[in-house]
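Some notes on the structure that comes next.
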Amino acid sequence: MTTIISKMHYLKSIKHALLISVLAVLIQACGSVPILGRKQLLLVPDQEVLALSLTQYQDFIRNAPVEKNTTHAKQVTTVGKRIASAVETFFKNNGYESELKNFSWEFNLVKSEEVNAFCMPGGKIVVFEGLLPITQDETGLAIVLGHEVAHAVAKHANERISQQMALEYGGAIAGGLMGNSAAAQQIGGLVFGIGSQLGVMLPYSRKHEYEADELGMIFMAMAGYDPRAADAFWVRMSQASGNSDLEILSTHPSDQNRIAKIRKNMPKAMEYYRGPGIQNTTQQKIKTTVKPEVRTSDKWTF
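For the sequence shown, numbering that gives the first Met the number 0 assigns the number 0 to the initial residue and increments by one for each residue that follows.
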């Protein structure tokens, strides 16, 4: 009996030590979403996430009917670069310009009736023509592009890969799985290569979508676009999609909940807006906002 009890204590000690090791690794790999300050798990170096996604993105662009030099294509590029520039200025003013050093922004318009847009890590953003009747104008397009830029800046793809690694491998993370290219590639292949008819990306979680909505409004406001247009845009999206209110059936938020969140977050976004008749509070906000957490290890960049 004493031997059995001793073995039980030994196993319990091992589990306890393993748990502490896992927690220590996860804490080390913890970053924060800019502005919002939410803690997130980032197990994979940014460079590796970019490499995993870039091949998929380049394959897509090579085979997609990308519009070039048309009025709409130029508008997508112009609005996208304007928002990206505002985001870069924000990071620079906060002393975190290096966080976007691996970004190379691209904004493409694809000939397709699909009502969709997507963003790959590092700022590779694609808009489908089917969205244009709903965006209607430059401000409407800024809502979409602000949302996609937010996915990139918040490193949602990295977080999704990291969460999946933690779920599938659990305690093995503490044994050196973190930074394991084979594991990251296996999961990255699922994230970036499967999940839509065009083989682009699996959909983000509802948490990520809500977060991209909120950050996207802030980013478009920084760029001088009125975030109040987001309310009407998502109403038009709801009407066009006929989306059900059964949020649990989809990774995307229901239209009703999404619009409610947008209205709730509007005052915060308006603090960054510098439009006609609006007091410029952006600079004051930049100085006081939550800064992203930077890990001390050279292996982790955010």
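Don't be surprised by glycine CBs; every beta carbon is placed ideally from N, CA and C.
beta-carbon residue i near the ligand ADP non-hydrogen atom, thresh 8 angstroms
{"i": "Tyr-95", "result": "The ligand ADP is absent from the structure shown, which contains no ligands of any kind."}
Cβ pair residue i, residue j closer than 9 angstroms
{"i": "Phe-218", "j": "Ala-156", "result": "no"}
{"i": "Ala-153", "j": "Leu-42", "result": "no"}
{"i": "Glu-147", "j": "Val-126", "result": "yes"}
{"i": "Gly-215", "j": "Ala-85", "result": "no"}
{"i": "Tyr-209", "j": "Arg-257", "result": "yes"}
{"i": "Ala-228", "j": "Ile-160", "result": "no"}
{"i": "Pro-33", "j": "Phe-90", "result": "yes"}
{"i": "Val-109", "j": "Glu-96", "result": "no"}
{"i": "Asp-45", "j": "Asn-93", "result": "no"}
{"i": "Gln-74", "j": "Arg-235", "result": "no"}
Neighbourhood of residue i by C-beta distance below 6 angstroms, restricted to the same chain and skipping five residues each side
{"i": "Ser-243", "result": "The pLDDT assigned to Ser-243 is 47, lower than 50, so where the model puts this residue is not dependable, and the model offers no usable value."}
{"i": "Trp-104", "result": "Ala-83, Gly-122"}
{"i": "Ala-151", "result": "Cys-118, Gly-122"}
{"i": "Ala-220", "result": "Pro-226, Ala-268, Tyr-271, Tyr-272"}
{"i": "Ala-72", "result": "Glu-66, Leu-108"}
Exposure of residue i, with buried meaning 16 or more beta-carbon neighbours within 10 Å
{"i": "Gln-163", "result": "buried"}
{"i": "Glu-112", "result": "exposed"}
{"i": "Ala-239", "result": "exposed"}
{"i": "Asp-58", "result": "exposed"}
{"i": "Asn-62", "result": "exposed"}
{"i": "Lys-36", "result": "Looking at the sequence itself, residue 36 is Gly, so the reference to Lys does not match. Looking at its Cβ environment, which holds fewer than 16 other Cβ atoms inside 10 Å, Gly-36 is exposed."}
{"i": "Thr-69", "result": "exposed"}
{"i": "Trp-120", "result": "In the sequence as presented, Trp is not what sits at residue 120; that position holds Pro. Counting Cβ neighbours within 10 Å, Pro-120 comes out buried, since at least 16 surround it."}
{"i": "Thr-54", "result": "exposed"}
{"i": "Tyr-56", "result": "buried"}
{"i": "Pro-266", "result": "exposed"}
{"i": "Leu-49", "result": "buried"}
{"i": "Thr-76", "result": "buried"}
Candidates the options, of which the one nearest residue i by Cα
{"i": "Lys-260", "options": "Tyr-271, Gly-129, His-207", "result": "His-207"}
{"i": "Leu-130", "options": "Gly-94, Pro-226, Ala-116", "result": "Ala-116"}
{"i": "Glu-98", "options": "Asn-264, Pro-266, Met-265, Ser-31", "result": "Ser-31"}
Residues near residue i by beta carbon distance below 7 angstroms, same chain, minus five either side
{"i": "Val-78", "result": "Glu-137, Leu-140, Ala-141, Leu-144"}
{"i": "Ile-26", "result": "With a pLDDT of 42 at Ile-26, under the threshold of 50, the modelled position of this residue cannot be trusted; read the value that follows with caution. Counting only Cβ-Cβ distances below 7 angstroms, and skipping sequence neighbours, we find nothing."}
{"i": "Asn-264", "result": "Glu-213, Met-216"}
{"i": "Ile-60", "result": "Asn-107"}
Distance between beta carbons of residue j and residue i, contact taken as under 8 angstroms
{"i": "Glu-158", "j": "Leu-40", "result": "6 angstroms"}
{"i": "Ile-133", "j": "Phe-232", "result": "7 angstroms"}
{"i": "Asp-254", "j": "Ser-237", "result": "4 angstroms"}
Contacts around residue i, its chain only, beta-carbon distance under 8 angstroms, and the 5 residues preceding and following it disregarded
{"i": "Arg-262", "result": "Asp-230"}
{"i": "Lys-80", "result": "Trp-104, Phe-106"}
{"i": "Glu-87", "result": "Glu-96, Leu-99"}
{"i": "Pro-64", "result": "Val-109, Lys-110, Ser-111"}
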